Every structure is written in structure tokens, then in C-alpha cells.
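J.: Take 1 as the starting number for the sequence shown in the UniProt record's numbering and just add one per residue.
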Amino acid sequence: MLVLAMDTSTPAITAGVVELLLPHQVTPPHQVTPPQQATPPHQLTPHPGIQRDSDHGQQDPVRLLAEDVAVDPFGHAEKLLPLITAALTSVGRSLDELDAVVVGLGPGPFTGLRVGIATAASLGDALGVPVHGVPSHDGLARSIPARSAAARSIPARSTAARSLPERSLPERSTAAPSADGTPALLVVTDARRREVYLSGYAPGGRRVFGPAVLAPAAVDPSAILGSAALDGFLAVGAGVGLVPVLEQQPLADPGSLSRGLVLAAGRELVTGAIPGPLVPLYLRRPDVAEPSAPKSTLNAAATSNSQVGGRS
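The structure is reproduced here in C-alpha cells:
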């Protein structure tokens with residue numbers, strides 16, 4: 001199954017092409033031949049159409065073919081379609097080969113979200129393929145590789161907009177993973193107006209909080225994650241640097257957002273479920289509101305005259 005994934009919930013406008021293997025296409029783990037250890041990694045030739053987990057030699061049923069990202073807080077309308085075209089062209093695919101579309105529903109600003117959701121809906125109608133919407137934070141959370149406990153400093157683009165000082169974090173995370181290797185997680189993105197969008201995930205990936213919009217000073221990991229916060233957790237997203245309580249928190253090392261979005265919608269895609277409505281997660285009123293209708297002075301004058309006439 002060939003899936004187009006897109007997200008316009010942040011200034012990082014994203015479009016990607018992802019191959020999703022259906023259950024009957026997945027090779028059982030015991031039939032996947034692991035690479036020989038004696039062969040240098042750069043000389044390994046993977047099985048066609050298969051990615052393997054680096055630790056277990058397992059086949060990856062969700063494979064990123066291409067992803068293009070442009071960082072522009074005001075360029076969603078101009079850059080999304082060219083990014084989609086570039087991603088498809090880079091792997092020799094076309095729109096009419098798509099089997100489904102997945103789009104991030106936010107949270108995010110009104111204008112950016114509207115562009116992505118409208119584009120996804122239009123493509124789905126034109127191509128006759130289903131369009132699945134998932135919270136963008138779910139996609140970002142699912143993009144983090146299992147058993148990844150890598151911690152790193154905040155990326156430059158996470159702090160450039162606010163000119164925050166650079167900081168270093170511990171080289172290794174102390175977050176306690178779940179049975180599948182996924183630790184508790186906070187996803188934080190910039191909501192502007194001195195606020196952040198935030199979602200919390202328990203070990204294993206289940207969302208237990210949000211998405212919500214909060215003041216940075218109001219973020220309380222213990223209240224959001226409960227006991228999982230005491231065991232250690234990771235943080236991810238371009239808004240982490242805006243939250244004081246997360247200043248020394250280990251950061252998760254995210255992978256492809258496009259792949260994460262497809263993973264988040266994986267059950268619906270595989271089962272052929274009918275997509276639900278594409279409801280954007282604005283979480284608050286748009287920054288710019290439509291002007292209210294001007295008051296009519298004629299009606300006011302007529303009322304005044306009638307009152308004067310009634311007293312005479």
C-alpha cells in the first residue's frame with residue numbers, strides 16, 4: 001500500500017511517501033535472514049522492499065520511501081504541493097499510484113492546519129482514495145524508534161525563533177522503557193502567544209493527556225504522566241525549549257514524521273476502515289477574526305424618531 005503523508009501543523013511543512021505492507025505481505029520474523037556479521041555494514045544489500053530492525057533483523061512493515069520538509073511559518077499554501085510532487089518524483093511514483101492519504105490534524109495554527117487538511121481532502125476526492133486524519137502529536141510520538149533512548153541538545157530550529165540559549169543534555173536518557181522499549185513521553189510544540197501545545201504518552205505509546213494548550217510555566221510532568229514521570233521520560237518537539245521545567249530533560253531522537261503519521265493510522269489503513277471526519281485541532285480561536293458586521297445607524301435613527309413622536 002502506497003501512502004502519502006503530510007503535516008502542516010508547525011512551520012516544518014512535511015510531505016512524505018510511505019510504503020505500508022499489509023499482513024499477508026509481511027515475511028514472518030523466522031524467515032527473515034539476518035545479515036552476516038562479518039560483512040561491513042556499508043556493503044550489506046537488504047532484501048528488496050524490506051527494512052530491518054537493527055537489533056532484531058525483523059522486517060519493517062512501514063517503510064519511508066521519501067520525505068521532503070520545508071521550514072516556513074507562512075509558506076504552507078505555497079510549499080505543500082511542491083513538496084508532495086518532489087517526494088513522489090524522487091522515488092519515481094505518481095499521484096495516481098496512491099492508495100491512501102494521511103494528514104496531521106494538529107494541534108496548530110488555523111491557517112497552516114487548514115492548508116494541509118484541505119489539500120489532503122481534495123487529493124482524496126480527486127484520486128478516489130481514503131484520507132485518514134491523526135493528531136500530529138501522535139505521529140511525532142510514533143516517529144521515535146522503539147528502544148531509542150538517545151538524548152541530544154535541542155535542535156537549532158527548535159529555539160531559533162525565540163533566540164533561546166543553547167543547552168546540553170545528558171548523553172544518555174534515564175527514561176524507563178516499556179516492554180516494547182518505548183518510554184513515557186511529552187510532545188511539546190510552539191503554540192505562539194507564549195503558550196505551548198502539549199500531549200503526554202505513557203510507556204508503550206498510549207496518549208494519556210492532551211493535546212492541550214498551556215502556558216509553559218503550567219506544565220507539570222508529574223500531573224500529566226503520573227508515576228511514569230518518576231521513572232524517567234523523554235521530551236520531543238520544537239516547543240520543548242520554551243518550557244522551564246524541561247530545561248534539563250533528555251530529548252527523544254525523532255525519526256520521520258511521515259512514517260510516524262502512517263504508523264498512527266496503521267490499524268485503520270490495514271483494516272480498510274472508513275475514515276472519520278477531518279476535524280482540525282485548533283484548540284483555540286484563530287489569531288485573526290472576521291470583522292463584525294457594522295451597526296446600522298438608520299435603524300437607530302428610526303427608533304429614536306419613533307420615541308420622540310410617541311412623546312409628542
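We treat Cβ as the ideally placed atom computed from N, Cα and C, and that holds for glycine.
The structure displayed is predicted, hence computed values, not measured ones.
State the start and end residues of the unbroken alpha helix (DSSP H) segment that holds GLY226.
T.: Note, GLY226: premise wrong, no alpha helix (DSSP H); not H, not E.
J.: So ARG93 and VAL208 are supposed to be a Cβ contact under 8 Å. How far apart are they, rounded?
T.: The pair is not a contact, with the Cβ atoms about 37 Å apart (cut-off 8 Å).
J.: For LEU105, which of VAL245, ASP231, GLY204, VAL134 has the nearest alpha-carbon?
T.: VAL134
J.: Helix, strand or coil: which one does DSSP assign to PRO73?
T.: coil
J.: Where do the N-terminal and C-terminal ends of the beta strand (DSSP E) with VAL91 fall, by residue?
T.: VAL91 -> no beta strand (DSSP E), and no H or E assigned at all.
J.: Buried or exposed for residue 315, please, with buried defined as at least 16 other CB atoms from any protein chain shown within 10 angstroms of its CB.
T.: Nothing can be reported for residue 315: it is not among the residues displayed for the chain, which extend from 1 to 312.
J.: With DSSP as the reference, label PRO109 as helix, strand or coil.
T.: coil
J.: Kindly identify the DSSP beta-bridge partner or partners of THR14.
T.: ASP7, VAL69
J.: Just to confirm my understanding: we take ASP72, look at its own chain, exclude 5 residues before and 5 after, and list those with CB closer than 7 Å. What are they?
T.: PRO11, ILE13, LYS79
J.: Beta-carbon within less than 6 Å of ILE224's beta-carbon, same chain only, minus the 5 sequence neighbours each way: which residues are those?
T.: Counting only Cβ-Cβ distances below 6 Å, and skipping sequence neighbours, we find GLY200, PHE209.
J.: In three-state DSSP terms, what is SER199?
T.: strand
J.: Do GLY241 and GLY139 come within 8 Å of each other at the CB atom, strictly closer than that value?
T.: no
J.: Measure the alpha-carbon distance for residue 319 versus TYR197 and round it to whole angstroms.
T.: Outside the modelled stretch of the chain, which goes from 1 to 312, sits residue 319, for which no answer is possible.
J.: Quick one: Cα of GLY239 to Cα of HIS76, how far?
T.: 19 Å
J.: What is the DSSP secondary structure of VAL129, counted as helix, strand or coil?
T.: coil
J.: From ASP68, PRO107, ALA252, pick the residue whose C-alpha is nearest to that of ALA86; which is it?
T.: Nearest C-alpha to ALA86: ASP68.
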